[in-house]
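To convert, count from 1 in the sequence shown and add 5; that's our numbering.
One structure is given below, encoded as structure tokens.
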Amino acid sequence: MAHQTHHITYSAENSHLRWDNSLKPILTIPSDSEVTLELPDGGGNQFDAFSTTESITSFDLAKADPAVGPVFIEDAQAGDVLKVDFLSLKPMDFGWTAILPGALNFGLLADEFPDPVLKIWDLKTHASEGYTEFKEGIHIPIRSFLGVVGVARAEAGEWSTIPPYETGGNIDCKHIMEGSCLYLPIKVKGALFSCGDGHAAQGDGEVCGTAIETRMTARIRLSVIKGKPWIKSPNFETSGVKVKVWDTKGEYAVLGVDADLREASRKALKGLIEWLVAEKSLTREESYILASVASDLRIVEAVEMPHYAVACILPLNIFVGSP
């Protein structure tokens, strides 16, 4: 018999900003239940469709990365695994990407981009065609996913929702889209599952510190799995279904080489920004934002010490009408 579906709205009472295994569940469900959640964006809904760069001055980092939950799953015990099936992910009509200033700036090149910038994206006009427009001639595929997905940690106390953990959290993995499933190691009775931080698109690395952040309605199925002790961190499985893309035009990539993996990543990103400014006539700030939502950082060499090689890769099919 199919279990009843459940609906959770976003509110202060139904969300939290810290992982804490003493939190009271907002919902208790049997395994294999479906839940629909109305989720906030990663900024805690502090921006709207009419916000401007000036709006960043009132941004409160203490409200960032709220998670809706926790949900208690019956029969879930420490040592089990929680399977999260992403059945539907629907973004709101708008999203935002920001270069945040000062202590708010999580970007890979925070030292080079000290000034705030806020871009508001229209996620409605071309939604049926599967993309949002960065600017004329540059289209970004909408590939929705949740940045924050996790279960409670075994350790007592409060743990920020901003970083990722072995139990999930702010993993920001763009590959766990609709149709995919995520496996999380359960550390406490009931699992205490929470999620949030909707994204309409992101590159691997989220290099400027934000993706296309958006509020999201997510329909998921939560199932307890026994006997998989090898799952000790988030594992995921993609659907194999190809998302809609335009004519494949290949990729442009810059390699960063350095003995420090982070510095190699920075060098690759800097090189891609320089290419975008020189060849695509974008500003440095536009290039940084575009790289965050569309380019992928990839380790291409990790054994020939003392140097690592990291590629910053941009798909050329985002440039519509370009040769």
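Just so it is clear, CB atoms sit at the ideal spot from N, CA and C, and this is done for glycine as well.
> Which class does S297 belong to by DSSP, given the choice of helix, strand or coil?
Replying inline: Start at 1 with the first residue of the sequence shown, and residue 297 comes out as number 292. In the three-state DSSP reduction, S297 falls in the helix class (H, G or I).
>> Let's see if you can read the secondary structure: which residues bound the alpha helix (DSSP H) around L281?
In response: For the purposes of this step, residue 281 is taken as residue 276 along the sequence shown, with counting starting at 1. From DSSP, the alpha helix (DSSP H) with L281 extends over 266-285.
>> Please report the distance separating the alpha-carbon of F118 from that of V229.
In response: Within the sequence shown, the letter at position 113 stands for residue 118. Within the sequence shown, the letter at position 224 stands for residue 229. Using only the alpha carbons, I get a separation of about 44 Å.
> Who does Y257 pair with in a DSSP beta bridge?
Replying inline: Locating residue 257 in the sequence shown gives position 252, counting from the first residue. Looking at the DSSP assignment, Y257 forms a beta bridge with L319.
> If we count the other Cβ atoms within 10 Å of its Cβ and call it buried at 16 or more, is P311 buried or exposed?
Replying inline: For the purposes of this step, residue 311 is taken as residue 306 along the sequence shown, with counting starting at 1. Its Cβ having fewer than 16 others within 10 Å, P311 is exposed.
>> Mapping the DSSP letters down to three states, classify A132 as helix, strand or coil.
In response: Sequence index remark: in the sequence shown, residue 132 carries index 127 (1-based). In the structure shown, A132 sits in a helix (DSSP, three-state: H, G or I).
>> So, at 8 Å on beta carbons, what are the nonlocal neighbours of V305 in its own chain, with the 5 sequence-adjacent residues on each side left out?
In response: To locate residue 305, count along the sequence shown from 1; it is residue 300. Same-chain partners within the cutoff: L260, A314, V315, A316.
> Nearest-angstrom Cα distance between W235 and I145?
Replying inline: Within the sequence shown, residue 235 is the residue found at index 230, counting from 1. Within the sequence shown, residue 145 is the residue found at index 140, counting from 1. Approximately 37 Å, taken between the alpha carbons.
>> Taking the alpha-carbon of G112 as reference, which of I31, I294, L319, F139 has the nearest alpha-carbon?
In response: Counting from one through the sequence shown, the residue named residue 112 turns up at place 107. The shortest C-alpha separation from G112 is found at I294.
>> Once DSSP output is grouped into helix, strand and coil, what is the label at E59?
In response: Within the sequence shown, residue 59 is the residue found at index 54, counting from 1. Looking at E59 - three-state DSSP - the assignment turns out to be helix.
> Within 10 angstroms of its Cβ, does E218 collect 16 or more other Cβ (buried), or is it exposed?
Replying inline: As a position in the sequence shown, residue 218 is number 213, starting the count at 1. That one is buried.
>> According to DSSP, is L114 part of a helix, a strand, or is it coil?
In response: Locating residue 114 in the sequence shown gives position 109, counting from the first residue. Coil.
> Which one of K192, V308, L42, G214 has the shortest CA to CA distance from Y170?
Replying inline: As a working note, residue 170 is residue 165 in the sequence shown. Closest by alpha carbon: K192.
> Hey, would you say H180 sits closer than 9 Å to F91, going by beta carbons?
Replying inline: In the sequence shown, counting from the first residue as 1, residue 180 sits at position 175. In the sequence shown, counting from the first residue as 1, residue 91 sits at position 86. Contact flag unset, no.
>> So, does the segment 151-159 touch the segment 22-41, judging by three or more C-beta pairs under 8 Å?
In response: Enough Cβ pairs lie closer than 8 Å, so yes.
> In whole angstroms, what is the alpha-carbon distance linking T58 and T172?
Replying inline: The residue you call residue 58 lines up with position 53 of the sequence shown. The residue you call residue 172 lines up with position 167 of the sequence shown. Cα to Cα, T58 sits roughly 35 Å from T172.
>> Using 9 Å as the threshold, is the C-beta distance between C213 and L128 below it?
In response: Your numbering for residue 213 matches position 208 in the sequence shown. Your numbering for residue 128 matches position 123 in the sequence shown. No, the Cβ-Cβ distance between C213 and L128 is not below 9 Å.
>> Quick check on V308: buried or exposed, where buried means 16 or more other Cβ atoms within 10 Å of its Cβ?
In response: Your numbering for residue 308 matches position 303 in the sequence shown. Exposed: under 16 other Cβ atoms inside 10 Å.
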